[in-house]
Amino acid sequence: MSLGFLREFFKSPGSVGAVWPSSPALARAMVRAANVAAADFVLEIGPGNGAFTGPILDSKRPGARFVAIEKSPDLARAVAGRYPAAKIVAGCATRLAEHIDGSPDSVVSGLPWAAFAESLQDAIMHQITAALHPSGTFATFAYFGPHRLKAGRAFRSKLGAHFRDIRRTPVVLANIPPAFVYYCRK
Ligand SMILES: C[S@@+](CC[C@H](N)C(=O)[O-])C[C@H]1O[C@@H](n2cnc3c(N)ncnc32)[C@H](O)[C@@H]1O
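For the sequence shown, the positions run 49 to 234 when the numbering used here is used.
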């Protein structure tokens with residue numbers, strides 16, 4: 049457990065959205081669901097302390113591009129320190145188009161959607177769908193249980209408004225709390 053992550057949570061709980069980073073098992077499920085191994089350009093949004101970043105870098109093809117966008121400058125600096133060869137941008141997903149060049153065909157989101165106001169969810173989702181390659185995959189996780197509550201159901205409807213094909217992985221129990229991955233295509 050990284051102290052930097054915990055510190056960021058107490059500084060901006062509405063932005064970090066979780067006290068505990070995702071587990072290696074959830075990272076593996078994200079990487080598989082987002083089809084990282086077959087992608088030409090992988091975009092990670094909200095890497096935090098890098099729970100998904102390492103598994104993405106280990107799984108992507110050697111020639112594939114990788115960019116991560118992290119809103120917290122401290123976490124962006126920390127994750128860039130852990131993965132010096134990776135391009136980590138300190139920036140906001142609401143301005144995705146300014147930070148990337150080209151169309152990612154695999155987008156891995158670590159964003160805490162449930163902590164966001166609906167207007168922020170819409171702004172980011174709009175940026176993601178505009179950037180995603182037409183045949184690309186967008187993957188994001190949801191905690192099992194809260195996904196049945198009003199906010200969780202509203203987020204699932206939002207995915208339905210932006211993507212034609214939405215699937216779910218089995219629940220990853222080896223995560224605190226247990227979670228599953230939505231993986232979506234336009
Ligand atoms: C719940 S943490 C997830 C970290 C890591 N991916 C994991 O699953 O353990 C969410 C991360 O998203 C970042 N974040 C929140 N809003 C963002 C935004 N608008 N643009 C980019 N990153 C954002 C936060 O700073 C935080 O590092």
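Virtual Cβ for every residue (Gly too), placed ideally from N, Cα, C. Every value quoted in this text rests on a predicted model; they were computed, and no experiment measured them.
message: Starting from A190, trace the alpha helix (DSSP H) in both directions and tell me its first and last residue.
response: Along the sequence shown, one-based indexing puts residue 190 at 142. Taken as a continuous stretch (DSSP letters only), A190 belongs to no alpha helix (DSSP H), being part of the beta strand (DSSP E) at 185-191.
- request: Could you check the C-alpha separation between M49 and A99 for me, to the nearest Å?
  value: Working through the sequence shown from its first residue, we reach residue 49 at position 1. Working through the sequence shown from its first residue, we reach residue 99 at position 51. Legend: pLDDT at M49 = 45, less than 50; position of this residue unreliable, value from coordinates given subsequently. Cα to Cα, M49 sits roughly 10 Å from A99.
query: Among the residues of its own chain, which have a CB less than 7 Å from the CB of A112, if the five just before and after it don't count?
result: Within the sequence shown, residue 112 is the residue found at index 64, counting from 1. Excluding sequence neighbours, A112 sits near A87, D88, F89, V90.
field: Close Cβ partners of L159 (< 8 Å) along its chain, the five nearest in sequence each way excluded
entry: As a working mapping, residue 159 is identified with position 111 in the sequence shown. Once the five neighbours on either side are set aside, the close Cβ partners of L159 are G65, I93, G94, A141, I172, T188.
query: Is there contact here, the stretch 69-77 with the stretch 161-171, by at least three beta-carbon pairs under 8 Å?
result: no
message: For the alpha helix (DSSP H) containing K198, name the first residue and the last one.
response: Here the question's residue 198 lines up with position 150 in the sequence shown. Segment 198-210, the alpha helix (DSSP H) holding K198.
task: Determine the direct distance from the alpha carbon of R130 to that of P152, and round the result to whole angstroms.
output: Walking along the sequence shown from the start, residue 152 turns up at place 104. Walking along the sequence shown from the start, residue 130 turns up at place 82. The alpha-carbon atoms of P152 and R130 are separated by roughly 23 Å.
message: I'd like the span of the alpha helix (DSSP H) that includes A222, first residue to last.
response: Sequence index remark: in the sequence shown, residue 222 carries index 174 (1-based). Looking at the DSSP string, A222 is not in any alpha helix (DSSP H), and its letter there is neither H nor E.
- request: Determine whether the Cβ of R80 lies closer than 8 Å to any Cβ atom of chain D.
  value: Among the protein chains of the structure shown there is no chain D, as only one such chain exists.
- request: May I have the straight-line CA-CA distance separating N83 from A199, to the nearest angstrom?
  value: Here the question's residue 83 lines up with position 35 in the sequence shown. Here the question's residue 199 lines up with position 151 in the sequence shown. The straight-line gap from Cα to Cα measures roughly 27 Å.
message: Taking 7 Å as the cut-off, is the C-beta of E118 nearer than that to any heavy atom in ligand 1?
response: Here residue 118 refers to the residue found at position 70 when the sequence shown is read from its first residue. It does: the Cβ of E118 is within 7 Å (strictly closer) of some heavy atom of ligand 1.
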